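Visitor: Just dropping this structure here.
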Amino acid sequence: MTFLPDGIAASGIDGADLVYERPAALSDVPTHYCPGCTHGLIHRLIAEVIDELQIRERTLCVAPVGCAVFAYTYFNVDGCEAAHGRAPAMATGLKRIQPDKIVFTYQGDGDLAAIGTNEIIHAANRGEKLTVIFVNNANYGMTGGQMAPTTLAGMVTTSSPYGRDVSSVGQPMRVAELIAALPGTAYVVRRSVHNVANIRKTKAAIKTAFQVQMEGLGLSLVEVLSSCPTNWRLKPADALRWIEDEMVPVFPIGDYRVADQVVPLTRRRSSRRNGK
Amino acid sequence: MAKELWKGNEAIAEAALRAGVEAYFGYPITPQTELLEYMAREIPNYEGRVFLQAESELAAINMVYGAACGGARTMTSSSSPGVSLMMEGLSYIAGTEVPIVLVDIMRGGPGLGNIQPSQGDYFQMTKSLGHGDYHAIVLAPSTVQEAVDLTYEAFALAEAYRTVVVILADGAIGQMMEPVELPEPRPVMTEAARPSWALRGAKGRERRVLSSLYMGSERLEQLNLRLQERLREAEAREQRWEEVMTDDADILIVAFGTVGRICKTVVKAARNQGLKAGLFRPISLWPFPEERLQALASSVDQVLVVEMNAGQMLLDVRAAVAGRAPVHFLGRLGGVVPLPDEIGQEIDKLASMAAGNGVQVTPAVKTGANGAAPVTEIATGPEV
Numbered sequence: 495m496t497f498l499p500d501g502i503a504a505s506g507i508d509g510a511d512l513v514y515e516r517p518a519a520l521s522d523v524p525t526h527y528c529p530g531c532t533h534g535l536i537h538r539l540i541a542e543v544i545d546e547l548q549i550r551e552r553t554l555c556v557a558p559v560g561c562a563v564f565a566y567t568y569f570n571v572d573g574c575e576a577a578h579g580r581a582p583a584m585a586t587g588l589k590r591i592q593p594d595k596i597v598f599t600y601q602g603d604g605d606l607a608a609i610g611t612n613e614i615i616h617a618a619n620r621g622e623k624l625t626v627i628f629v630n631n632a633n634y635g636m637t638g639g640q641m642a643p644t645t646l647a648g649m650v651t652t653s654s655p656y657g658r659d660v661s662s663v664g665q666p667m668r669v670a671e672l673i674a675a676l677p678g679t680a681y682v683v684r685r686s687v688h689n690v691a692n693i694r695k696t697k698a699a700i701k702t703a704f705q706v707q708m709e710g711l712g713l714s715l716v717e718v719l720s721s722c723p724t725n726w727r728l729k730p731a732d733a734l735r736w737i738e739d740e741m742v743p744v745f746p747i748g749d750y751r752v753a754d755q756v757v758p759l760t761r762r763r764s765s766r767r768n769g770k
Numbered sequence: 082m083a084k085e086l087w088k089g090n091e092a093i094a095e096a097a098l099r100a101g102v103e104a105y106f107g108y109p110i111t112p113q114t115e116l117l118e119y120m121a122r123e124i125p126n127y128e129g130r131v132f133l134q135a136e137s138e139l140a141a142i143n144m145v146y147g148a149a150c151g152g153a154r155t156m157t158s159s160s161s162p163g164v165s166l167m168m169e170g171l172s173y174i175a176g177t178e179v180p181i182v183l184v185d186i187m188r189g190g191p192g193l194g195n196i197q198p199s200q201g202d203y204f205q206m207t208k209s210l211g212h213g214d215y216h217a218i219v220l221a222p223s224t225v226q227e228a229v230d231l232t233y234e235a236f237a238l239a240e241a242y243r244t245v246v247v248i249l250a251d252g253a254i255g256q257m258m259e260p261v262e263l264p265e266p267r268p269v270m271t272e273a274a275r276p277s278w279a280l281r282g283a284k285g286r287e288r289r290v291l292s293s294l295y296m297g298s299e300r301l302e303q304l305n306l307r308l309q310e311r312l313r314e315a316e317a318r319e320q321r322w323e324e325v326m327t328d329d330a331d332i333l334i335v336a337f338g339t340v341g342r343i344c345k346t347v348v349k350a351a352r353n354q355g356l357k358a359g360l361f362r363p364i365s366l367w368p369f370p371e372e373r374l375q376a377l378a379s380s381v382d383q384v385l386v387v388e389m390n391a392g393q394m395l396l397d398v399r400a401a402v403a404g405r406a407p408v409h410f411l412g413r414l415g416g417v418v419p420l421p422d423e424i425g426q427e428i429d430k431l432a433s434m435a436a437g438n439g440v441q442v443t444p445a446v447k448t449g450a451n452g453a454a455p456v457t458e459i460a461t462g463p464e465v
C-alpha cells in the first residue's frame with residue numbers, strides 16, 4: 495500500500511472527490527523532515543497562502559542553512575540557497591532588482607537569531623519589502639540539538655548538557671519582540687502550530703504577512719513556535735504539548751507590531767470570515 | 082572621445098555603469114570609498130538601477146549574490162579587510178555559478194594594517210578565495226585607463242564563465258588621477274536577454290533552483306568538474322600580460338599593478354645605462370600567464386620579481402620559470418611603494434653579479450630603506 499499521490503490516483507479517488515489537495519505551491523516530492531516535526535505543516539500553510547493569493551509565479555524563496563535547507567525543493571517556486579544567516583541580505587538583493595516579485599525567507603532560530611542577527615535587524619530597519627517566516631524550535635535541529643539563542647532557561651541540549659545557565663549564556667532571545675521594535679517593520683507576530691486553533695491562526699498571520707509585502711508596507715515577520723521531537727527526545731504528541739506548556743510562557747503568542755496600514759488587511763479577512 | 086582627468090576609484094565606478102551594471106551593494110572602506118560614493122551619487126540618475134549601502138561587507142556580498150541570482154549585472158567593491166569578510170559569500174557565489182564583479186583596492190595588512198597601497202591580497206585573490214575548490218578571474222590594472230578598460234570588460238568575462246571576476250588594484254590606482262578615455266555606454270540587460278538560470282518567478286515554466294548544496298559526493302564532484310572545466314577554458318583563453326623591451330633582455334623584471342608601472346621606468350633607466358633589462362607585467366593574475374613567462378625565462382640570465390608584499394606572485398613566477406633562470410625577489414611591505422632607484426640598485430647588483438662569477442643572490446625581502454632594519458612608524462593621526 496502506498497500513500498504517494500500516484501497511489502491515491504490508483505485507488506480510484508478522482509478529482510471531484512478531492513477536498514484536500516496538494517497546494518500548487520508545494521512540490522510533489524517527499525520531504526526529509528523527522529516524523530512529528532512541524533516544518534512540513536508550516537510549509538503547507540505557506541503554500542496554501544501563496545495559492546490563495548495567486549502569487550506562485552512571481553514568488554521567490556530564499557532557503558536557510560539548517561533543517562529547512564531544502565525548502566527550495568519543497569516550494570514550487572523559484573528558489574535559492576543563502577549562506578547561514580544571510581538570507582535577509584540575499585533576499586534584499588533579489589527584491590531590490592525585482593520589486594514586482596514576492597520574496598520570502600524561511601529561517602530557523604540558529605539562522606536568524608544567532609549567526610544572522612545582523613542581517614535580519616538591518617533588513618527590518620531598512621523596511622525591506624520582504625516576508626520572513628521564522629521557525630523557532632528552541633534548538634539547533636539540523637546539527638543534532640545544540641543550544642540556540644532561543645533555548646529555554648535550564649533546558650538540556652547537547653551543548654548545554656547541564657541545562658542552559660542564563661547567568662553565563664543569557665536569557666532566551668525573543669525575536670518577535672526585538673524585531674518589532676524596528677521602525678521598518680509593518681507586521682511582526684508570534685504564532686504556534688501546536689494545535690488546530692493555533693495552526694489556523696498561524697495561516698492567517700502568514701497570509702497577512704504576504705499581503706503586507708504585496709502592498710509594499712515594510713518587512714513582515716511571522717515567528718512560528720515549532721516542535722522538534724527528535725532532538726527534544728519526545729514523542730510527537732508530547733512535543734506539541736511541550737510547546738504549549740514550556741515554550742508559549744516564554745515566547746507569548748501575540749501581535750508585536752501591526753502597522754496602522756496593516757489593520758485593514760486583518761479586518762477585511764475577519765469580516766469576510768464572519769460573513770460566511 | 083577626448084581624454085578626461087579621472088580619479089581611479091571614480092573612473093572604475095563610471096566604467097561599471099557604462100558596462101551596464103544594474104546593482105551595486107557596498108560598504109565604505111579606505112582607500113576605495115570614492116567608488117561607493119560615486120555609485121551613491123550617480124545610480125539614482127539611472128532608472129531601474131539599484132544602489133544600497135549595506136550594513137557590512139558580509140551583507141553587501143550577499144546582496145550581490147541575491148541580485149546576481151535574479152540575473153542582474155551586479156558588483157561590489159572593497160579593500161583588503163573588507164574583502165576578507167566577503168569570502169563566505171564569494172564561495173557561495175562560485176558554488177552557485179552566478180557571475181559577479183568584485184573590485185579590491187588593496188591596502189596594507191594584515192589586520193587593520195593601514196590605508197597605503199599594498200599587494201598583500203595576491204594569495205587571497207588568486208589562491209584562497211573562500212572555501213572550496215575554485216578560482217576567480219583576477220585582473221590587475223597598472224593605470225587608471227587600464228582599470229577602466231578591465232572593469233568594462235569584467236562583466237562580459239563574468240557572464241561568459243559564470244564566475245567571479247576580480248579587479249585587483251591598490252590604493253595608488255584607486256586614489257590617483259589620470260587622463261582616461263571612457264568607453265561607450267552599454268545598455269542594461271533586457272528581460273529577454275536574462276540568463277536561462279535567472280530567478281525571475283516561475284511563470285509558465287518549471288521552477289528554477291540556485292544552490293551550492295549537493296549532499297551526494299558524486300553529484301558535488303560533478304559540479305566541481307564542471308567548474309574546473311570552465312576554469313580550464315579561462316586558463317586557455319584569458320592569459321593577459323604586457324611586455325616592455327623583452328626581445329633582447331638579459332634581466333627580466335616581473336611585476337604587476339602599480340609596481341609593474343614603476344618597473345617600466347626602471348627598465349628605461351637601465352637601458353640608458355646599457356643594461357639589457359625588460360619587463361613582463363602579468364595583467365591576468367589568474368589565469369597566470371605562465372606559458373609566455375616560461376618562454377621568456379629560457380632567453381634571459383636573471384629574473385627579478387618586485388612586489389609590494391613578501392613574495393606572493395613570486396611562487397607563480399618560480400613555477401613558470403621552473404629553473405630556466407635564477408629568480409630573485411625584491412619586496413616592500415606594510416604599504417611601502419618601492420622607488421625606481423631602489424629597484425634600479427637591485428638590477429645593478431644582479432648585473433654585476435652576472436658579470437662576476439655568477440654567484441646567485443639569495444631571494445630576500447627587503448626590510449627597510451637600503452636593506453636597513455625595519456623602521457617603526459609612529460602614528461601621526463587618527464586611525465581610519
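Each protein sequence line maps, in turn, to chains D and E.
Taking our numbering, the leading residue of the first sequence gets 495, the next gets one more, and so forth.
Taking our numbering, the leading residue of the second sequence gets 82, the next gets one more, and so forth.
Every residue gets a Cβ at the ideal spot worked out from N, C-alpha and C, and that includes glycine.
Just so we're clear, the structure is a prediction, and the values are computed from it rather than from any experiment.
1. Considering only C-alpha positions, which residue in the set D/W736, D/L624, D/P582 is nearest to D/I614?
2. How would you write the range of the alpha helix (DSSP H) that D/M636 sits in, first residue to last?
3. From the DSSP secondary-structure annotation, give me the bridge partner or partners of E/D251.
4. Can you give, in chain order, each stretch of the beta strand (DSSP E) that sits fully within the region 335-388 of chain E and has at least 3 residues?
5. Check for me: the beta strand (DSSP E) holding D/R684 runs from which residue to which?
6. Pull out every residue of the region 257-290 of chain E whose Cβ sits closer than 8 Å to any Cβ of chain D, in chain order.
7. Rounded C-beta distance between D/A519 and D/V571? I'm assuming under 8 Å.
8. Could you spell out where the alpha helix (DSSP H) holding E/N467 opens and where it closes?
9. Quick check on the burial criterion: 16 or more other C-beta atoms within 10 angstroms. Buried or exposed for D/D754?
10. Would you mind sorting E/Q441 into buried or exposed? The rule is 16 or more other CB atoms within 10 Å of its CB.
11. Buried or exposed, going by whether 16 or more other CB atoms sit within 10 Å of the CB of E/W87?
12. Just to check my reading of the structure: D/F569 and D/A541 have Cβ atoms closer than 8 Å, yes? What is that Cβ distance to the nearest angstrom?
13. Is the shortest distance between the beta-carbon of E/F106 and the beta-carbons of chain D less than 9 Å?
14. I'd like to know whether the C-beta atoms of E/E95 and E/L263 end up nearer to each other than 9 Å.
15. Going along chain D in order, which residues have a C-beta closer than 9 Å to the C-beta of E/V184?
16. Can you give me, in chain order, the residues of the region 584-605 of chain D that have a beta carbon less than 9 Å from any beta carbon in chain E?
17. For chain D, find out if any of its Cβ atoms is closer than 9 Å to the Cβ of E/F304; answer yes or no.
18. Is it buried or exposed for E/G89, if we count other Cβ within 10 angstroms and need 16 for buried?
19. Who are the Cβ neighbours of D/G648 in its own chain at under 7 Å, not counting the five residues just before and after it?
20. What span of residues does the alpha helix (DSSP H) with D/T586 cover, start to end?
21. Can you name the residues of chain E whose CB is closer than 7 Å to the CB of D/C652?
22. Let's see if you can read the secondary structure: which residues bound the alpha helix (DSSP H) around D/W736?
23. Compute the distance between the beta-carbons of E/G147 and D/A585, then report whether it is under 9 Å.
24. Are the beta-carbon atoms of E/A250 and E/A221 separated by less than 9 Å?
25. Answer yes or no: do E/G194 and E/S161 have a C-beta to C-beta separation smaller than 9 Å?
26. Identify each residue in the region 88-113 of chain E for which the Cβ-Cβ distance to at least one residue of chain D is less than 9 Å, and report them in chain order.
27. D/D545 touches chain E at which residues, Cβ-Cβ below 8 Å?
28. In angstroms, rounded to a whole number, what distance separates the CA positions of E/P421 and E/V340?
29. Just to confirm the assignment: which complete alpha helix (DSSP H) runs, minimum length 4, are found wholly within the region 400-443 of chain E?
30. Secondary structure at D/Y566, three-state DSSP: helix, strand or coil?
31. At what residue ranges does the region 139-213 of chain E contain a whole run of the beta strand (DSSP E), taking only runs of 3 or more?
32. Using 9 Å as the limit for Cβ to Cβ distance, is D/R516 near chain E?
33. Can the beta-carbon of E/E371 be found less than 9 Å from the beta-carbon of E/D397?
34. Less than 9 Å separating the beta-carbons of E/E138 and E/G176?
35. List the residues of chain E whose Cβ lies closer than 7 Å to the Cβ of D/V571, in chain order.
36. Hey, how far is the Cα of D/G710 from the Cα of E/P125?
Guide: For this structure:
1. Looking from the CA of D/I614, the closest CA among D/W736, D/L624, D/P582 belongs to D/P582.
2. Element bounds for D/M636: n/a, residue is neither H nor E.
3. E/M187
4. 358-363, 365-367, 383-388
5. 679-686
6. With the criterion set as a beta carbon lying under 8 Å from some beta carbon of chain D, the members of the region 257-290 of chain E are L280, R281, G282, A283, K284, G285, R288, R289, V290, in sequence order.
7. Confirmed, Cβ separation roughly 6 Å.
8. This structure leaves residue 467 of chain E out entirely; chain E is present only between 82 and 465.
9. So D/D754 counts as exposed.
10. For E/Q441, the predicted structure reports a pLDDT of 47, less than 50, and the residue's modelled location is therefore unreliable. A value from the coordinates is still provided. Counting Cβ neighbours within 10 Å, E/Q441 comes out exposed, since fewer than 16 surround it.
11. buried
12. D/F569 to D/A541, Cβ: 6 Å. Contact.
13. True, the Cβ-Cβ gap to chain D drops below 9 Å.
14. Yes, the Cβ-Cβ distance between E/E95 and E/L263 is below 9 Å.
15. Here the premise fails: no neighbours, minimum Cβ distance about 17 Å.
16. Hits within the stretch, in order: M584, A585, T586, G587, L588, K589, R590, I591, Q592, D594, K595, I596, V597.
17. Just to set this straight, residue 304 of chain E is Leu in the shown sequence, not Phe. No - not a single Cβ of chain D is within 9 Å of the one on E/L304.
18. buried
19. Excluding residues up to 5 positions away in sequence, G657, R658 lie with their Cβ nearer than 7 Å to the Cβ of D/G648 in the same chain.
20. 581-591
21. Position check: residue 652 of chain D holds Thr in this sequence, whereas Cys was assumed. Correct list: empty, because the minimum Cβ distance to chain E is about 22 Å.
22. 730-736
23. yes
24. yes
25. yes
26. E103, A104, F106
27. By Cβ distance, chain E contributes nothing, its closest Cβ being about 13 Å from D/D545, past 8 Å.
28. Answer to the nearest angstrom: the Cα atoms are 9 Å apart.
29. 421-436
30. helix
31. 155-159, 181-187
32. no
33. yes
34. For E/E138 and E/G176, no; Cβs fall outside 9 Å.
35. Within 7 Å of the CB of D/V571, the CB atoms of chain E belong to A283, R288, in sequence order along the chain.
36. 20 Å
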